[in-house]
Amino acid sequence: MEGKRVQDSEVVLAQIMQPESANILGNVHGGWIMKLMDEAGAIVASRHARRPTVTVVVDSIQFCAPVHVGDLVHVRARMTQAWRTSMEVEIRVEAEDLLTGERRLTATAYFVYVALDRDGRPAPVPPLILETEEERRKAEEADQRRAERLARREARGTQ
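Just so you know, we're using UniProt numbering here: the sequence shown kicks off at 1 and counts up by one.
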């Protein structure tokens with residue numbers, strides 16, 4: 001299977017935040033931001049695998065700042081690593097004040113997706129071609145997170 005570059009599947013989604021997505025203080029609900037993050041991540045994973053994908057892990061989500069009604073939200077998602085049937089996607093959310101142009105980081109996370117075949121079973125994915133030092137570093141960090149996730153899963157299974 002031929003490898004694919006990080007840039008071949010990355011995506012940026014942008015959306016104006018509306019009042020129906022917010023609480024009474026005008027802050028957008030974290031669940032709404034998570035939905036946008038999952039949509040962006042699934043697009044990246046499906047573009048990389050060229051197969052349907054399902055979310056299997058949401059890892060290390062951090063909400064850094066609130067998103068307000070009227071902000072333009074940018075959700076940037078890109079591959080960090082591809083294994084046999086699973087892929088990790090890094091997702092960063094920024095909110096932009098359209099009147100000032102100020103952007104602030106509002107959330108980050110790593111989502112893991114599994115590619116599916118026609119029968120709904122895990123399917124092989126292409127390897128990730130790492131072209132820059134940053135991409136190689138992020139891939140190593142993804143491998144470490146994966147090892148930690150697998151160790152936690154194994155520990156739960158033995159209890």
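From the three backbone atoms N, C-alpha and C, an ideal C-beta is built for every residue, glycine too.
So, helix, strand or coil for A107, using DSSP?
The residue labelled residue 107 in the question sits at position 107 within the sequence shown. Reduced to three states, the DSSP call for A107 is strand.
By alpha-carbon positions, which one of T108, R76, P52 and G41 ends up nearest to residue 160?
Beyond the ends of the chain as shown, which are 1 and 159, falls residue 160; an answer cannot be given.
Identity of the residue in A40, A22 and D71 nearest R78 by Cα
Along the sequence shown, read from residue 1 onward, the residue named residue 78 stands at position 78. Nearest C-alpha to R78: A40.
Determine, using beta-carbon pairs with one atom in the region 65-78 and one in the region 121-132, whether at least three such pairs fall under 8 Å.
no
Would you please state the rounded distance, in angstroms, between the beta carbons of T106 and V67? I believe it to be under 8 Å.
As a position in the sequence shown, residue 106 is number 106, starting the count at 1. As a position in the sequence shown, residue 67 is number 67, starting the count at 1. Confirmed, Cβ separation roughly 5 Å.
How would you write the range of the beta strand (DSSP E) that A95 sits in, first residue to last?
Position 95 of the sequence shown holds residue 95. Taken as a continuous stretch (DSSP letters only), the beta strand (DSSP E) holding A95 covers S86 to E96.
Tell me whether I24 sits in a helix, a strand or coil according to DSSP, three-state version.
One-based indexing of the sequence shown puts residue 24 at position 24. Coil.
Enclosing alpha helix (DSSP H) for H48 [first to last residue]
Position 48 of the sequence shown, counting from 1, holds the residue named residue 48. First-last of the alpha helix (DSSP H) with H48: G30 to A49.
Residue nearest to R137 in terms of C-alpha spacing, selected from M1, V6 and E2
As a position in the sequence shown, residue 137 is number 137, starting the count at 1. R137 has its Cα closest to that of V6, out of M1, V6 and E2.
Taking Cβ to Cβ, would you say V93 is nearer than 7 Å to F111?
Your numbering for residue 93 matches position 93 in the sequence shown. Your numbering for residue 111 matches position 111 in the sequence shown. Not a contact, by the Cβ cut-off of 7 Å.
Mind checking which residues open and close the beta strand (DSSP E) that includes A14?
The residue labelled residue 14 in the question sits at position 14 within the sequence shown. That run of the beta strand (DSSP E) goes V11 to I16.
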